[in-house]
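Residue numbers (this note's numbering), protein chains in the order written: chain W, 1 to 111; chain U, 1001 to 1113. All C-beta atoms, glycine included, are put in the ideal place defined by N, C-alpha and C. Fair warning: this is a prediction, and the values are worked out from it, not measured in the lab. Inspection log for the structure reproduced underneath, given as structure tokens.
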Amino acid sequence: KNQVEQSPQSLIILEGKNCTLQCNYTVSPFSNLRWYKQDTGRGPVSLTIMTFSENTKSNGRYTATLDADTKQSSLHITASQLSDSASYICVVSEGTYKYIFGTGTRLKVLA
Amino acid sequence: DVKVTQSSRYLVKRTGEKVFLECVQDMDHENMFWYRQDPGLGLRLIYFSYDVKMKEKGDIPEGYSVSREKKERFSLILESASTNQTSMYLCASSLLQGGYEQYFGPGTRLTVT
């Protein structure tokens, strides 16, 4: 069964600290993996996309990694800000219309 | 910028009512999707449309129907709302199949009492 699992479910960090969110997937065939940020009461917004051949992709303070062999991805947030408080969702595409969503990690950044 | 809009941000309906949720995208995207999002379950696909008048069932289509009469507009219909359909409903669009980026609307929080 195609699945995307994320950990931790929730995380609280102090402003300025770094953190890493994890995503493990069992999706086949694999087309790409995206990380989305979803602010409370809003729709998700794409942060990064990674294909099979990519190991690392950065978008400002967000850096995603992908290990296609172990089927793991991580999203690293550097020097966190209060505005980083949101849910982060890992989504894997089969390459058709099928997108497999993780349940998300809820991040809270405290001042 | 791609814009996906949804007709309502918040909606309260009574059990048994017929409910229409509308979604409009302005980027000429072929694909449009309706998801529901519940705590701890992630986004689940209700219906998908890859062209005008074409639709495919997703993972949880029971109790829902859809309509796509124009390329830019995709409607979700709850024929007879029930309390277990209380949820956040998200519409998305993408250019083509093949894992293209999905652009999401702001969501409609529907409460059925």
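Asked, Found
"DSSP three-state label for Asp1026 of chain U, please.", "coil"
"Among U:Ile1077, U:Lys1013 and U:Ser1008, which one has its Cα closest to the Cα of Thr1083 of chain U?", "U:Lys1013"
"Roughly how many angstroms lie between the CA atoms of Met50 of chain W and Glu1056 of chain U, to the nearest whole one?", "27 Å"
"For Gly16 of chain W, verify whether its CB is less than 6 Å away from any heavy atom of the ligand PLP.", "The model on display carries no ligand, and the ligand PLP is accordingly not part of it."
"How would you call Ile1046 of chain U, buried or exposed, if buried means at least 16 neighbouring beta carbons within 10 angstroms?", "buried"
"Can you grab the Cα-Cα spacing for the pair Tyr25 of chain W / Glu15 of chain W, in whole Å?", "29 Å"
"Between Ile77 of chain W and Gly1016 of chain U, what straight-line distance do the alpha-carbon atoms span, to the nearest angstrom?", "45 Å"
"Considering just the uninterrupted stretch of the beta strand (DSSP E) at Gln22 of chain W, what are its terminal residues?", "Cys19 to Thr26"
"Can you tell me which of the three DSSP states Thr1083 of chain U falls into?", "helix"
"Pick helix, strand or coil for Ser85 of chain W, following the three-state DSSP scheme.", "coil"
"Does Thr40 of chain W come out as helix, strand or coil in the three-state DSSP assignment?", "coil"
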